[in-house]
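Undergrad: Numbering (UniProt numbering), first residue to last: 1 to 124. Dumping the structure here so I can ask a few things about it.
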């Protein structure tokens, strides 16, 4: 990028937590969190981390999650499991879970990690 004062050099910030690759959306779903881990390994092995700042996101808590979502929704994410969602389809419909947005083991923690990176990047 060039401005009136000449070229400016911006440093890339990269947020990664190795736990993100431990989740599974289920068979047949196109989102495969382990691909995030594979991509990270490529970034490291190609030496790209030498050209950026790498951060492990600070894990956000309930208060930060509810700044952007209702208490009911965050409570749902925290308490729902694949077994529970099958027993309460009305609640699943309320929060738009299903094939494209499945409930899987560790859903809240996955959302927490993902949101932590987004909020960390926005704050930076």
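By construction, the Cβ of each residue, glycine as well, lies at the ideal position given by its N, Cα and C atoms. Quick caveat, the model's predicted, so the values are computed rather than measured.
Under three-state DSSP, which class holds residue 14?
TA: Mapped onto the chain shown, residue 14 falls at position 14. Strand.
Undergrad: What does DSSP give as the partner residues of residue 53 in its beta bridges?
TA: By 1-based counting over the chain shown, the position of residue 53 is 53. Bridge partners of residue 53: 13.
Undergrad: Ignoring anything shorter than 4 residues or poking outside the UniProt domain "Histone deacetylase" (29-122), list the alpha helix (DSSP H) runs there in chain order.
TA: If we require 4 residues or more, the alpha helix (DSSP H) runs fully inside the UniProt domain "Histone deacetylase" (29-122) come out as 34-45, 62-68, 71-79, 82-87, 89-94.
Undergrad: Around the Cβ of residue 52, are there at least 16 other Cβ atoms within 10 angstroms (buried) or fewer (exposed)?
TA: In the chain shown, counting from the first residue as 1, residue 52 sits at position 52. Exposed, since its Cβ has fewer than 16 Cβ neighbours within 10 Å.
Undergrad: How many angstroms separate the CA atom of residue 123 from the CA atom of residue 63?
TA: Against the chain shown, residue 123 aligns to sequence position 123. Against the chain shown, residue 63 aligns to sequence position 63. Answer to the nearest angstrom: the Cα atoms are 16 Å apart.
Undergrad: Hey, residue 82 and residue 100: beta-carbon distance below 8 Å or not?
TA: Here residue 82 refers to the residue found at position 82 of the chain shown. Here residue 100 refers to the residue found at position 100 of the chain shown. The answer is no: Cβ separation not under 8 Å.
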